[in-house]
Ligand SMILES: [Zn+2]
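Numbering (the working numbering), first residue to last: 46 to 240.
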C-alpha cells in the first residue's frame, strides 16, 4: 500500500512538471571581489557554479557572470550600509550583484546578507545585491540562499526539511518548493533581474 502511494505521488509529480513546461529564464550576475578580502577567484567560481546548479531547479540559467576584482581603501573592505553605499557609488555595476567582502560591521553579524527592494527603501543605492564575507560557510549554498532572497524580494524563511530557505545554511538544504520557484521567477522577472 505504501509502495503504491509512493508510486502514485511520483507519477503525479512527473505529470505536473511535464504538463507545465517552464520557459527558461536567464540570470546575468555581477560578482565584485574585493582584493585582500580573503576571497580568491577559484573560491568565487566554485560558489557561483554551485549556486547556479541550485537555482537551475527553478528553470533559471546563469547565462553570464562578470567577475571584477577591485582594490578598495580599508574602510570599504567590510560590509556596512554606509560602506556598501560608497562602494556602489565609486564602482557602479549591473545588478543583481554579489559583493565578496572581508567581514561585516553589521550587528548581529551575518556571514551573508541580501538587500532586495523591500529592505532597501532607505538605501535604494544597494538594492538587488548580496554581500558575503570571507568567513561564509558553504559559500555556494549561502550564495544561492541570498540570491533567492533578492530574486523573490522576500526575507521569508522556510521550516521545511532540506529547503534552501531554512534559516541555517547547510549542505543538506538545497531544495526550493514549486511556490518558492514561482515567486522567484515572477518577482525576479518583474524586477528586471531575470530575462
Ligand atoms: Zn535568509
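No residue lacks a Cβ here, since even glycine has one placed at the ideal position from N, Cα and C.
1. Got a sec: does ligand 1 put a non-hydrogen atom nearer than 7 Å to the Cβ of residue 136?
2. Using a 10 Å radius around the Cβ and a threshold of 16 neighbouring Cβ atoms, would you call residue 133 buried or exposed?
3. Using the beta-carbon of each residue, find all residues closer than 7 Å to any heavy atom of ligand 1 and list them in chain order.
4. Closest to residue 102 by C-alpha separation, out of 159, 221 and 170, would be which residue?
5. For residue 114, which three-state DSSP category applies?
6. Whole angstroms is fine: what's the gap from residue 206's alpha carbon to residue 213's?
7. CA-CA distance, residue 106 and residue 176?
8. Thinking C-alpha only, which one of 229, 139, 188 and 233 is nearest residue 88?
9. Would you mind reading off the limits of the alpha helix (DSSP H) that contains residue 197?
10. How do the stretch 117-129 and the stretch 138-151 stand: do at least 3 beta-carbon pairs fall below 8 Å, yes or no?
11. Could you check whether residue 91 and residue 141 sit closer than 8 Å to each other, using their CB atoms as the reference points?
On the basis of the coordinates in this document:
1. no
2. buried
3. 159, 190, 191, 194, 200, 202, 210 and 212
4. 221
5. strand
6. 11 Å
7. 21 Å
8. 188
9. 184-197
10. yes
11. no
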